[in-house]
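Taking it in order: structure first as structure tokens, then the write-up.
Residue numbers (our numbering): 1063 to 1226.
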């Protein structure tokens, strides 16, 4: 079934206006990630990846993350546009969660700017914020998009969206 895009209102973006292949944009929005009671990451120097049908994924510079809580795993993946990524578990106090974050260790030329940046699955964090707005996680275990009130869909990841 072909999706019917939701018309954006003033101040909103439609993910159906995002390009394919994906692009990278700098953003000065205030990004914050909280896990097990600590602010794990906070920045106004993130980058966001925009791709048709997906809410943005935010990539946070390593220097703005408490990386001592991240544990590299053997999991890797390949994106035809962004390159090769590796995944990270997290351990804070008595809480341990698998594959909560990823970063591109061998990004393609168009995505070199995110080489030293990490992205987090908002569904696996206690909370993620964009400009003090609590993020709604993109549906589906594979996707890491951050849904906020200024982005409209429908979004890939919901049941029945595999072939969009």
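Don't be surprised by glycine CBs; every beta carbon is placed ideally from N, CA and C.
From the DSSP output, read off the bridge partner residues of residue i.
{"i": "residue 1087", "result": "1110"}
{"i": "residue 1179", "result": "1123"}
{"i": "residue 1218", "result": "1220"}
{"i": "residue 1075", "result": "1213"}
{"i": "residue 1157", "result": "1154"}
{"i": "residue 1165", "result": "1148"}
{"i": "residue 1139", "result": "1147"}
{"i": "residue 1105", "result": "1093"}
{"i": "residue 1208", "result": "1199"}
Using three-state DSSP, classify residue i as helix, strand or coil.
{"i": "residue 1096", "result": "strand"}
{"i": "residue 1068", "result": "coil"}
{"i": "residue 1082", "result": "coil"}
{"i": "residue 1131", "result": "helix"}
{"i": "residue 1189", "result": "strand"}
{"i": "residue 1197", "result": "coil"}
Under the assumption that residue i contacts residue j (Cβ atoms under 8 Å), give the Cβ distance between them as a whole number of angstroms.
{"i": "residue 1113", "j": "residue 1149", "result": "Contact doesn't hold; Cβ gap of about 19 Å is too wide."}
{"i": "residue 1229", "j": "residue 1157", "result": "Past the edges of the chain, shown from 1063 to 1226, lies residue 1229, and the structure says nothing about it."}
{"i": "residue 1103", "j": "residue 1091", "result": "Wrong, their Cβ atoms sit about 13 Å apart, outside the cutoff."}
{"i": "residue 1182", "j": "residue 1154", "result": "No, residue 1182 and residue 1154 are not in contact; Cβ-Cβ is about 13 Å, not under 8 Å."}
Problem set entry | Inter-stretch contact at 8 Å, needing at least 3 Cβ pairs: the segment 1153-1166 / the segment 1135-1144 | Touching, yes.
Exercise. Do the segment 1196-1216 and the segment 1129-1138 touch if we need at least three Cβ pairs shorter than 8 Å?
Worked result: no
Problem set entry | Three or more C-beta pairs below 8 Å linking the segment 1214-1222 and the segment 1112-1127 | yes
Exercise. Can we say the segment 1069-1083 touches the segment 1126-1133, given the rule of at least three CB pairs closer than 8 Å?
Worked result: no
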